[in-house]
Amino acid sequence: MESLDLALVGAGLIVIGAGLGLGKIGGSAMEAIARQPEASGKIQTAMIIIAALLEGLAFAALILA
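Every position in the sequence shown, counted from 1, becomes a number in our numbering once 1 is added.
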């Protein structure tokens, strides 16, 4: 039972880390778009790709936990 508890704590930390990472990515992207509106397409595309990779990593870690 103890290993299950540790797995759940680990899964919770993974979700928290992914949420913080996504928030940081979104905030930085919005700041970059505000500074250079003409590059918004490239910035948004890069943000979506990185966010998808981060979500995939968090999902895979949750499955393994």
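Even for Gly, the Cβ is constructed at its ideal location relative to N, Cα and C.
The distance from the Cβ of residue 59 to that of residue 10 is about 15 Å, inconsistent with a contact at the 8 Å cut-off. In this structure, DSSP gives residue 45 a helical state, which the three-state scheme calls helix. Taking 8 Å as the upper bound for CB-CB distance, residue 12 and residue 63 are in contact here, some 5 Å apart. Nearest to residue 61 by C-alpha distance, out of 41, 43, 19, is 19.
Looking only at 36, 45, 39, the smallest Cα-Cα distance to residue 27 is reached by 45.
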